[in-house]
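Below: the structure, in structure tokens.
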Amino acid sequence: MTRLSEDKAQTAIAAVLRYGSLVSTLVMALGLVMLLIRGLSAYPPLESPAPVGVVVARALRFDALAISELGLILLLLTPILRIVVAATTFGLERDHKYMFIALGVLVVVVLSIGYAMG
Amino acid sequence: MDFTWTKVLELALLGVVAGGIGSMTGIGGGLIITPVLTLVFGVPIHHAIGASLCCVIATSSGAAASYIEHRLSDIRLGMTLELATTVGAVTGSLIAGILSRGMLAVAFALFLIVAAGVMLRRRSTADPPGSEEIGTYKVRRLPLGLMGSGGAGVISGLLGVGGGIIKVPLMYLVMGVPFKVATATSNFMIGVTAAASAFIYYSRGDVRPLIAAPAAVGVFFGAALGSRLMRKVRSGRLVLLLSCIMFYFAAMMIWKAYQEGFFR
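Each protein sequence line maps, in turn, to chains P and W. Residues in the first sequence are numbered from 42 upward in steps of one, following the numbering used here. Residues in the second sequence are numbered from 146 upward in steps of one, following the numbering used here.
Structural data, given as structure tokens:
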């Protein structure tokens with residue numbers, strides 16, 4: 042079940058992980074620093090849970106609270122991105138069995154998001 | 146909980162410690178974060194677990210990138226097991242929504258005790274000689290592994306822990322996977338599992354950005370640090386210390402649940 046030699050899937054996934062989680066961490070850190078500088082009261086409260094559309098819209102208007110929340114959402118999405126990259130690389134390597142397994146995992150996670158959102 | 150520099154730094158520090166320990170031992174991130182958040186920071190347990198799930202994802206992403214670089218993680222196996230784990234995780238997090246604070250706290254405390262006990266037992270059987278050369282291996286007992294992974298998923302979704310404490314022994318002892326591969330694969334898996342649960346917690350409003358974000362940022366750096374130190378640190382003493390801390394947390398959480406009433 043394992044291929045321990047040069048594995049393109051591994052390298053691609055590593056890159057996605059590194060940049061994906063780094064971006065989300067930076068966005069969260071940015072939001073938090075902004076909040077600390079301006080003070081929490083400078084921003085209208087964000088309901089919990091906040092619809093993603095609202096979060097993105099407010100983040101684009103430099104609402105620090107929304108930016109922190111956006112970073113969190115990005116963090117939560119990183120593993121999903123990871124699965125997509127894995128499935129894609131398996132597909133490109135013509136490893137169809139594992140491509141379908143990865144897609145299966147993706148379906149479960151997406152269903153849970155669907156339940157969460159609606 | 147008010148929002149000040151000190152609070153943010155404290156949460157981030159908690160994250161760094163938990164992330165470091167979590168990535169070095171393969172376990173411990175969520176098991177440290179949730180009790181500290183509830184006992185020290187006074188955060189309601191559902192919010193604590195929500196934050197903890199975010200931290201597990203951060204641990205997984207922070208540590209796993211460098212493991213995979215070293216080609217230890219068996220992504221194919223991980224994905225296969227994740228079919229079961231994610232279903233379990235969704236189930237667990239839905240159940241958590243209907244449990245009261247007291248019940249969830251007691252469940253968490255019980256798991257802490259079991260986990261600490263398992264860690265202590267594992268410690269006495271010395272870490273297997275870590276050969277840097279990992280030859281080929283055959284994965285055995287996949288159906289059993291899938292069942293165990295499902296169970297690990299339920300616990301992960303219920304308690305906001307990564308489940309590494311179940312997954313690593315499962316892969317190493319039951320499925321015949323080399324220890325280091327098991328640890329690396331587990332680190333990769335726990336992020337996926339946590340994500341499946343995190344969205345459900347998020348939808349309940351249990352993920353508080355002002356708590357989860359500072360902790361997650363801390364964890365990201367702690368886990369990155371920890372995964373680099375891992376090869377140099379002897380985990381025996383660390384595991385002993387961790388077990389004692391976990392027993393203490395368990396006792397405190399049960400006591401607190403008793404004082405506040407189990408069914409609130």
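Even for Gly, the Cβ is constructed at its ideal location relative to N, Cα and C. Small disclaimer: the values here were computed from a predicted structure and weren't measured.
Q) Going along the chain, which residues of its own chain have a beta-carbon closer than 8 Å to the beta-carbon of Leu122/P, five neighbours each way excluded? A) To locate residue 122/P, count along the first sequence from 1; it is residue 81. Once the five neighbours on either side are set aside, the close Cβ partners of Leu122/P are Val57, Gly61.
Q: Could you list the residues in the segment 137–153 of chain P with a C-beta less than 7 Å from some C-beta on chain W, going in chain order?
A: Tyr139, Ile142, Ala143, Gly145, Val146, Val149, Val150, Ser153
Q. So Leu106/P is in the alpha helix (DSSP H); what residue range does that whole segment cover?
A. Sequence index remark: in the first sequence, residue 106/P carries index 65 (1-based). First-last of the alpha helix (DSSP H) with Leu106/P: 105–133.
Q) Exposed or buried, which one is Ala83/P when buried takes at least 16 other CB atoms within 10 Å? A) As a first step, residue 83/P must be located in the first sequence, where it is residue number 42. Result: exposed.
Q | Three-state class that DSSP yields for Ser245/W in the structure shown | A | Here residue 245/W refers to the residue found at position 100 when the second sequence is read from its first residue. Looking at Ser245/W - three-state DSSP - the assignment turns out to be coil, as it is neither helix nor strand.
Q.
DSSP three-state label for Ala343/W, please.
A. As a first step, residue 343/W is located in the second sequence; it is residue number 198 there, counting from the start. Of the three classes helix, strand and coil, the one that applies to Ala343/W here is helix, per DSSP.
Q: Would you mind stating whether Phe256/W and Leu291/W have Cβ atoms separated by less than 8 Å?
A: Sequence index remark: in the second sequence, residue 256/W carries index 111 (1-based). Sequence index remark: in the second sequence, residue 291/W carries index 146 (1-based). No.
**Q.** Stretch-stretch touch, CB-based, cutoff 8 Å, three pairs: the segment 322–339 of chain W with the segment 222–230 of chain W
**A.** With the cut-off at 8 Å, the segment 322–339 of chain W and the segment 222–230 of chain W touch.
Q. Applying a beta-carbon distance threshold of less than 9 Å, which residues of chain W neighbour Tyr156/P?
A. Looking up residue 156/P in the first sequence gives position 115. In chain order: Val235, Leu239, Phe344, Ile345, Ser348.
Q. According to a CB-to-CB cut-off of less than 8 Å, which residues of the segment 218–232 of chain W neighbour chain P?
A. Within the segment 218–232 of chain W, Ser218, Asp219, Ile220, Arg221, Leu222, Met224, Thr225, Glu227, Leu228, Thr231, Val232 place their CB atoms closer than 8 Å to a CB of chain P, listed in sequence order.
Q: Assign Met90/W to one of three DSSP states: helix, strand, or coil.
A: What is shown of chain W runs 146 to 409, which leaves residue 90/W out entirely.
Q) Should Pro359/W and Leu156/W be called a contact, given that it needs their Cβ atoms to be closer than 8 Å? A) The residue labelled residue 359/W in the question sits at position 214 within the second sequence. The residue labelled residue 156/W in the question sits at position 11 within the second sequence. Yes; because the gap between Cβ atoms is below 8 Å, this pair is in contact.
Q: Spatial neighbours of Val96/P within its chain, please: CB distance less than 8 Å, with the 5 preceding and 5 following residues excluded, ordered by chain position.
A: For the purposes of this step, residue 96/P is taken as the residue at position 55 of the first sequence. Only Leu87, Ala107, Glu110, Leu111, Ile114 meet the Cβ criterion.
(Q) Using 8 Å as the cut-off, can you tell me whether the segment 154–168 of chain W makes contact with the segment 147–159 of chain P, which would need three or more C-beta pairs spanning the two stretches below that distance? (A) Cβ pair count under 8 Å is below three, so no.
Q: Give the residues of chain W in contact with Thr32/P, contact being defined as C-beta atoms less than 7 Å apart.
A: With chain P running from 42 to 159 in the structure shown, residue 32/P is simply not present.
Q: Leaving out five residues on either side along the sequence, give the residues of the same chain with a beta carbon under 6 Å from the beta carbon of Ala327/W.
A: Along the second sequence, one-based indexing puts residue 327/W at 182. Taking C-beta separations shorter than 6 Å and ignoring five residues to either side along the sequence, the partners of Ala327/W in its chain run Val313, Met316, Tyr317, following chain order.
Q. Is Val74/P helix, strand or coil by DSSP?
A. Here residue 74/P refers to the residue found at position 33 when the first sequence is read from its first residue. Here Val74/P sits in helix by DSSP.
Q. Is it true that the CB of His192/W sits closer than 8 Å to the CB of Ile300/W?
A. Your numbering for residue 300/W matches position 155 in the second sequence. Your numbering for residue 192/W matches position 47 in the second sequence. It is not a contact, given that the beta carbons lie outside the stated cut-off.
Q: Classify Lys138/P as buried or exposed, calling it buried when 16 or more other Cβ atoms lie within 10 Å of its own Cβ.
A: Residue mapping note: residue 138/P aligns to position 97 of the first sequence, counting from 1. Counting C-beta atoms within 10 angstroms of its own C-beta, Lys138/P has fewer than 16 neighbours from the protein chains shown and is therefore classed as exposed.
Q. Taking all protein chains shown into account, do 16 or more other C-beta atoms lie within 10 angstroms of the C-beta of Phe141/P, making it buried, or fewer, making it exposed?
A. Your numbering for residue 141/P matches position 100 in the first sequence. Flag for Phe141/P reads exposed.
**Q.** the ligand FAD heavy atom lying under 7 Å from the CB of Met264/W
**A.** The ligand FAD is not among the ligands present in this structure, which contains no ligands whatsoever.
Q.
Looking at chain C, is there any beta carbon in it that lies within less than 8 Å of the beta carbon of Arg123/P?
A. Absence of chain C from the displayed structure is noted, the protein chains being P and W.
Q | Listed by chain order, chain W residues near Leu81/P by CB distance under 7 Å | A | Here residue 81/P refers to the residue found at position 40 when the first sequence is read from its first residue. Result: Phe148.
Q) Under 7 Å Cβ-Cβ, which residues of chain W neighbour Ala70/P? A) For the purposes of this step, residue 70/P is taken as residue 29 along the first sequence, with counting starting at 1. The answer, in chain order, is Val362.
(Q) So Arg353/W contacts chain P; which residues on that side make the cut at Cβ distance below 7 Å? (A) Position 208 of the second sequence, counted from the start, is the residue given in the question as residue 353/W. In chain order: Ser89.
Q. Do you know offhand how far Ile399/W's Cα is from Met264/W's?
A. In the second sequence, residue 399/W corresponds to position 254, counting from 1. In the second sequence, residue 264/W corresponds to position 119, counting from 1. Near 21 Å, if we compare the C-alpha coordinates of Met264/W and Ile399/W.
Q: State the Cα-Cα distance for the pair Gly367/W and Arg373/W, rounded to the nearest angstrom.
A: What you label residue 367/W is simply residue 222 of the second sequence in a count that begins at 1. What you label residue 373/W is simply residue 228 of the second sequence in a count that begins at 1. Looking at the two C-alpha atoms, the distance is approximately 10 Å.
Q.
I'd like the span of the alpha helix (DSSP H) that includes Ala294/W, first residue to last.
A. Counted from its first residue, the second sequence places residue 294/W at position 149. According to the sequence provided, residue 294/W is Ser. The question's Ala does not apply to it. 287–304 is the extent of the alpha helix (DSSP H) around Ser294/W.
Q | Same chain, Cβ closer than 6 Å to Val352/W, neighbours up to 5 away in sequence not counted | A | Counting from 1 along the second sequence, the entry for residue 352/W is found at position 207. Only Gly195, Tyr346 meet the Cβ criterion.
Q) For Arg79/P, which residues of its own chain have a beta-carbon under 7 Å away from its beta-carbon, when the five flanking residues on both sides are left out? A) Within the first sequence, the letter at position 38 stands for residue 79/P. Around Arg79/P: Ala105.
Q. So what's Arg267/W in DSSP terms, helix, strand or just coil?
A. Locating residue 267/W in the second sequence gives position 122, counting from the first residue. It is helical.
Q: Flag this pair as yes or no: are the beta carbons of Arg286/W and Met334/W separated by less than 8 Å?
A: For the purposes of this step, residue 286/W is taken as residue 141 along the second sequence, with counting starting at 1. For the purposes of this step, residue 334/W is taken as residue 189 along the second sequence, with counting starting at 1. No; because the gap between Cβ atoms is not below 8 Å, this pair is not in contact.
(Q) For Leu289/W, which residues in the same chain have their Cβ closer than 7 Å to its Cβ, ignoring the five residues on either side in sequence? (A) Within the second sequence, numbered from 1, the residue matching residue 289/W stands at position 144. Correct list, in chain order: Val319.
Q | Inter-residue spacing [alpha-carbon to alpha-carbon] between Leu158/W and Ser294/W | A | In the second sequence, residue 158/W corresponds to position 13, counting from 1. In the second sequence, residue 294/W corresponds to position 149, counting from 1. Taking the straight line from one Cα to the other gives about 31 Å.
Q.
For the alpha helix (DSSP H) containing Asp282/W, name the first residue and the last one.
A. Along the second sequence, read from residue 1 onward, the residue named residue 282/W stands at position 137. Note on identity: in this sequence residue 282/W is Tyr, with Asp being the wrong assignment. Counting along the chain, Tyr282/W falls outside any alpha helix (DSSP H), and DSSP gives it neither H nor E.
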